Amino acid sequence: MKRYLSHPFWQGAIVIVVSYVAFEWVIGYVLPVIGVASAPVPSSVILQYMLTVLVGIVLYMSADEARWKSFKKPIHETMVARDRKTLRGILMVALPVLIGWLAYQNVRPSYAAPATLRSVHPAPPNQLTFRGETIELTGLENPLHEEGSIEEHLAVGKRIYVRNCVPCHGDLLDGQGHYAPAFNPVPADFTSSGNLPQLTESYVFWRIVKGGPGLPREGTPWDSAMPAWETILEQDEIWATILYLYDQTGFTPRTWEEEGEGGHE
Amino acid sequence: MKRWLTRGVATRGVLLAALALAVALPLLAQAPGPDYGEFNFLGLDRRGAVWIAAQLHLLFAAFVLGVPMFAVVIEAIGMFGGDEKYDKLAKEFTRLLLVAYSATAIWGAILVFFLSTLYPRFWAYLTAIFAPSMWVYAGLFFLESFTLYLYYYGWDAWKKGAAKKAHWCLGIMLNVWGTIVMFIANGWLTYMMSPPEGLTADTAPQTVQLWSAINNATWMPINIHRLLANVVFGGAIVGAYAAYRFLTSKTDEERAHYDWMGYTGNLIAIGALIVLPFAGYWLGREIYEFSQQMGITMMGGFMSWLWIIQAFLIGILFLAGNYYLWIGMGRIPGAERFQPYIKWMLLVLVLGVIVWATPNTMIADRDEIAAMGGIRHPFLQVLGVMSAKNTAVNLMILTTFLSFLMYRRANKDPVVPWARAGTMLQGAAFALCAVIVVFYGVYGYFVTAIVRIGFSVYQVLAVLATILFVIGIDMAMLRGAKSRGEIRWGRMPDRSQYALLILAVTFTWLMGLMGFARSGIRQHWHVYEVIRDTSEQAFTPALGPAATIISICVLIFFALVGLIFWLGGLAERSVYQEAEAKVKAGQEGRAALGDPMPAPSLGDVD
């Protein structure tokens, strides 16, 4: 056992197995058991991680001449040594079968929708029209911060959200409403740190006003079921809903930069 | 014969480019015909044709602008340090320029022809604004070409004293002309991205002020970004040339020379690469500030997946660059003591690539999306944001610098009395920097986006300050250091040279992909929100077709570069072969006479 552990080839093999177990099983299944929010990692990401690990192993092994020779030795022996004939025969059959099986898995007909590559933050226009009124989005702030009582706005926002948004976005604002399982893509999860805190209120305003039909031409197909709420809600009702979303999730909206500053993320 | 051939190709290229400009520009001033006619060339539509011509012109231009920058520095090292081998290296770098220069001109001419015939109205619009700068450009192009000829062909004639200094000044002038030429062309393309305020589709182009059109929001950031990137690219291509010559070498002397050349090219490329992200960051800020729509399209929207591909490719650059240094330590006596650290540095790099390339929104099928509750992974999403990625890339830069430091120190033992304290101080600086980078990375999760953006500046400054501080100590500490033995140049396994070739190919691909991101964020506009592209190719291509076109460009570029390498080696090879024959004859003669003297070195052959 010790002989194997100290040999570069088997060290590499162990690192590959341990990495795969960590990415596939520890992240996907062990973390949720110990109370950490997690889920199985998509196969595209597993492949990406494993390729990186594999490249790292090959680089490490070949960075030193003696280690490289030692690493290659079992492979070379398996290919040519007389006493490895049986193993060689097994590999000659097993490897093509494995590759064939993987190829088959990738090309066999399936009813499942193909894996998608989506951008979740479509680029907003610089201006939009709300029932004929042109509104500049760049630098736009939520006007309700400066008007009336914030409690009243939040109450309006709550009423609008519960009546119109809960069926899809859920009563916990986590995108898990009753209709959610029927949609692909699933409705936005407002509790995710990747959504509301990354966006200005004007961006959220644009998304609610124009919904799926107002998404840009680039990056299609969006397949979004989000309605264009400008036909149903007033501007103030939308702004109040935005206040409610940030209030309930505890996130702070992204702010516009002061003059002379720049930045992107 | 070879020199004549090379000179002929270069001259023909320049003349062709000049002819193209001379014919095309006046034609463009004529009344435009119909906007777009039928066009299909080998299955390419008009956009594909312009794209390939522009990309190849840019790749050759980046090479011919980058190489003179470090050639002139290396010549200065040879001139002021009195070491002639640097002078020879600078000349060899410059020799590659001659044919590459004509290729730049030819592709520039093709680009002008394509633009003027396939997009006549838009080209007429551009010339109406930029015509004076185009004539200056053509003039500077002539100055640049003839300065290059004087610089290269005068190398041996002006080798001593004041003549050598004058020759060096020619190299500086070559850089000055080249830089101005690039700045002018950058003015045209950045105008398309970020035109001055107040312009509309109805604004007559003749009324647009030339300077305000050139000096637009993204002009200077692009200028700086490209200046640095040209050095990186030039170093990488020179490294690839050295690798090619190393792999085809017949003698140990030749191998030693090209091993050293490859090392120098790699050092230049990786050294300039370390500061390149800061220029890119500035460009990104300016784009975002100019237009939120452009900024989000680039970073969070349609183009966001290109950044994941970029992370992978830059990961390859870091891994290959470090690998080359580690493998190179095998030819340095005393480097064995640093071997145990390599696995830990590799671990940081691999984890860095994993973090950097973790997508914020993952490619997943319906079942996987359902299991995650969305397209963000509940656990891995912490790695998908800039806090994690900035931390990863800064630690990777720091690790690469550590690799270089070990390589540099491999065969040296400092003799200054404070050597131990100095080394501990360097270690403390590394540790402190890592703590600062990780601290701001973690703290970034607990502040708003606008504050978090500022943190990346602190991380970058910490890394830069550490690099300067540590290298300062190292230079003082290694003064008069005891050597453990000379570097055994040429004693490198072949696989190290493939790392250099991978670096060059990756840089080229990266330039094409990120160039597409920069240009593609204009979407369906020729001039952003001023002149709309109304051709049938007005849509932004999806990543797959875009990557295909870019990969074709990379293939064509390397096919042509391979030709240039071959041409560049023809004359030299015959000299080496002659010298080798002389050496053999000398050895046989001496052997016959019983003379034990060593054979003359081929290192003096030029």
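Residue numbers (the working numbering), protein chains in the order written: chain A, 986 to 1250; chain B, 7 to 612. We treat Cβ as the ideally placed atom computed from N, Cα and C, and that holds for glycine. Computed from a predicted structure; not experimentally measured.
For residue i, the nearest candidate out of the options (CA to CA)
i	options	result
M368(B)	I1031(A), I1042(A) and F994(A)	I1031(A)
P1166(A)	H1154(A), F1175(A), I1060(A) and S1177(A)	H1154(A)
W1010(A)	I1060(A), E1186(A), Y1045(A) and S1028(A)	S1028(A)
A523(B)	E1203(A), W1241(A), I1227(A) and T1226(A)	E1203(A)
D51(B)	A77(B), Q61(B) and F120(B)	F120(B)
N221(B)	M198(B), I178(B), L233(B) and A235(B)	M198(B)
T257(B)	W495(B), G478(B) and T406(B)	W495(B)
F45(B)	C439(B), L569(B), W113(B) and Q543(B)	Q543(B)
W1241(A)	L1184(A), R1192(A) and P1198(A)	L1184(A)
F86(B)	E535(B), L146(B) and K166(B)	K166(B)
I338(B)	V422(B), L573(B), R497(B) and I315(B)	R497(B)
I230(B)	L253(B), L353(B) and G286(B)	G286(B)
D93(B)	A275(B), I381(B) and F76(B)	F76(B)
E1050(A)	A440(B), M520(B), W332(B) and G550(B)	W332(B)
A96(B)	A134(B), A60(B) and H173(B)	H173(B)
E1137(A)	Y1229(A), V1000(A) and H1163(A)	Y1229(A)
Residue i and residue j closer than 8 Å at C-beta
i	j	result
A249(B)	Q503(B)	yes
D371(B)	A1173(A)	no
S1104(A)	F308(B)	yes
P227(B)	L289(B)	yes
N400(B)	Q345(B)	no
Y158(B)	R251(B)	no
G615(B)	W225(B)	The requested residue 615(B) does not occur in the structure, where chain B is confined to residues 7 to 612.
L282(B)	A235(B)	yes
P139(B)	W129(B)	Pro is not the amino acid found at residue 139(B); the sequence shown has Ser there. Result no, Cβ atoms of S139(B) and W129(B) do not sit closer than 8 Å.
P1107(A)	P1201(A)	yes
T397(B)	P1182(A)	no
L216(B)	F136(B)	yes
A1225(A)	V1194(A)	no
A468(B)	V443(B)	yes
L389(B)	V1026(A)	no
A1024(A)	A377(B)	yes
I1145(A)	E1222(A)	yes
F1190(A)	I1227(A)	yes
Inter-residue spacing [alpha-carbon to alpha-carbon] between residue i and residue j
i	j	result
S1178(A)	F1236(A)	8 Å
E1215(A)	L1113(A)	11 Å
A1066(A)	I1075(A)	14 Å
L1036(A)	I1084(A)	16 Å
F571(B)	Y247(B)	6 Å
V660(B)	Y131(B)	Any question about residue 660(B) goes unanswered here, given that chain B covers just 7 to 612.
L358(B)	F318(B)	The question names Leu, yet the displayed sequence has Gly at residue 358(B). Answer to the nearest angstrom: the Cα atoms are 10 Å apart.
L599(B)	S489(B)	For L599(B), the pLDDT reaches just 46, beneath the cut-off of 50, and the residue's location in the model is therefore unreliable, although a value from the coordinates is still provided. When rounded, the distance between both Cα atoms is 37 Å.
Y1045(A)	H263(B)	27 Å
G1197(A)	V1092(A)	32 Å
Y329(B)	M392(B)	27 Å
V581(B)	E260(B)	Any reading at V581(B) needs caution, since the residue's pLDDT is 49, under 50, leaving its predicted position unreliable; the model's value is listed next. About 11 Å.
G204(B)	K170(B)	52 Å
Q1233(A)	R528(B)	37 Å
Y1005(A)	I348(B)	23 Å
Q212(B)	S200(B)	18 Å
A487(B)	M412(B)	15 Å
A425(B)	M483(B)	6 Å
P1238(A)	Q1090(A)	44 Å
W313(B)	D89(B)	43 Å
A207(B)	S297(B)	18 Å
Span of the beta strand (DSSP E), counted from its first residue to its last, around residue i
i	result
V1015(A)	Here V1015(A) belongs to no beta strand (DSSP E), and DSSP marks it neither H nor E.
L1113(A)	Q1112 to F1115
E1121(A)	E1118 to E1121
H532(B)	W531 to V533
Delimiting residues of the alpha helix (DSSP H) encompassing residue i
i	result
F513(B)	D500 to G526
V1000(A)	P993 to V1006
F1056(A)	E1050 to V1065
W1086(A)	K1070 to V1092
W161(B)	Taken as a continuous stretch (DSSP letters only), W161(B) belongs to no alpha helix (DSSP H), as it is neither H nor E.
V1040(A)	S1028 to S1047
Nearest-angstrom beta carbon gap, residue j and residue i [assumed within contact, 8 Å]
i	j	result
G619(B)	P365(B)	The structure shown has nothing for residue 619(B), since chain B only spans 7 to 612.
E1186(A)	N1127(A)	4 Å
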